[in-house]
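In what follows, a single structure is set out as structure tokens and then discussed.
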Amino acid sequence: MTIKIGDRLPEGTLTEFIETETEGCSLGPNAFKVSDLVKGKKIALFALPGAFTPTCSAKHVPGYIAAAEQFKAKGVDEIWCLSVNDAFVMGAWGREQKATGVVRMLADGSATLTKELGMEFDLTAKGMGVRSQRYSMLVEDGVVKQLNLEAPGKFEVSNAETLLGQL
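Numbering-wise (full-length UniProt numbering), the sequence shown opens with residue 1 and increments by one.
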């Protein structure tokens with residue numbers, strides 16, 4: 001069943017590659033409980049099929065980076081990019097996209113959370129395994145307030161401009 005507006009995000013764990021060691025976070029991949037990450041926060045989350053893929057790299061991530069200050073001005077605490085890749089890949093992609101400190105590049109390496117959300121997309125026949133559908137959502141304190149799911153192969157409603165217009 002696909003998550004919908006009004007639903008609470010399911011329990012899960014995401015990983016993030018941390019570039020600089022701080023108290024509580026070591027250098028490299030760190031695991032975080034979704035419930036801890038969303039507590040008391042307004043989050044603009046967008047998910048996509050894969051790191052370093054054409055539309056994701058040329059349009060999706062750059063759009064959210066460019067609009068980051070506008071999201072903050074509208075009360076968004078964090079912007080997340082979620083993909084079914086490992087934390088090393090997401091960290092490298094974040095560095096390449098210059099997302100560090102602007103967009104959190106969160107990995108759902110085994111698609112566990114993606115499946116719980118009902119947002120998986122099986123590309124096994126094309127040699128790519130299980131991926132995420134392309135979507136965006138606004139999450140407030142763990143509850144989905146907006147949800148924009150793309151039709152297969154499209155990039156029309158999960159962009160930063162659409163989510164900004166819904167705030």
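From the three backbone atoms N, C-alpha and C, an ideal C-beta is built for every residue, glycine too.
Short check: CB of residue i to CB of residue j, under 8 Å?
i, j, result
"valine 34", "glycine 6", "no"
"alanine 58", "serine 83", "no"
"glycine 101", "threonine 15", "no"
"leucine 117", "proline 29", "no"
"serine 132", "glutamate 120", "yes"
"alanine 99", "valine 38", "no"
"glycine 75", "alanine 160", "no"
Am I right that residue i and residue j are in contact with their C-beta atoms under 8 Å? What's the rounded C-beta distance?
i, j, result
"leucine 138", "leucine 167", "7 Å"
"alanine 44", "isoleucine 79", "5 Å"
"leucine 163", "serine 136", "5 Å"
In this structure, how does DSSP classify residue i when only helix, strand and coil are distinguished?
i, result
"arginine 134", "coil"
"leucine 45", "strand"
"glycine 165", "helix"
"residue 232", "As displayed, the chain neither begins before 1 nor continues past 167, which places residue 232 out of reach and without an answer."
"glutamate 78", "strand"
"lysine 115", "helix"
"alanine 31", "strand"
"lysine 4", "coil"
"valine 143", "strand"
"glutamate 69", "helix"
"leucine 14", "strand"
Between the Cα of residue i and those of the options, spot the shortest distance and give me the residue it belongs to.
i, options, result
"proline 49", "Lys145, Glu161, Leu163, Leu106", "Leu106"
"methionine 90", "Gly40, Arg104, Pro152", "Arg104"
"serine 158", "Gly75, Phe88, Arg134", "Arg134"
"valine 143", "Thr162, Phe17, Lys41", "Lys41"
"threonine 2", "Thr114, Glu69, Cys56", "Thr114"
"phenylalanine 32", "Lys72, Glu69, Phe17, Met119", "Phe17"
"methionine 128", "Ala151, Ala111, Ser136, Glu140", "Ala111"
"proline 54", "Gly165, Ala160, Trp93", "Trp93"
"aspartate 86", "Gly153, Phe155, Val130, Asp36", "Val130"
"glutamine 97", "Thr124, Ile65, Asp77", "Ile65"
Open item on the list: Could you tell me which whole beta strand (DSSP E) segments of length 3 or greater appear in the segment 81-108?
Closed with: As far as the segment 81-108 is concerned, its whole beta strand (DSSP E) runs of at least 3 residues are 104-107.
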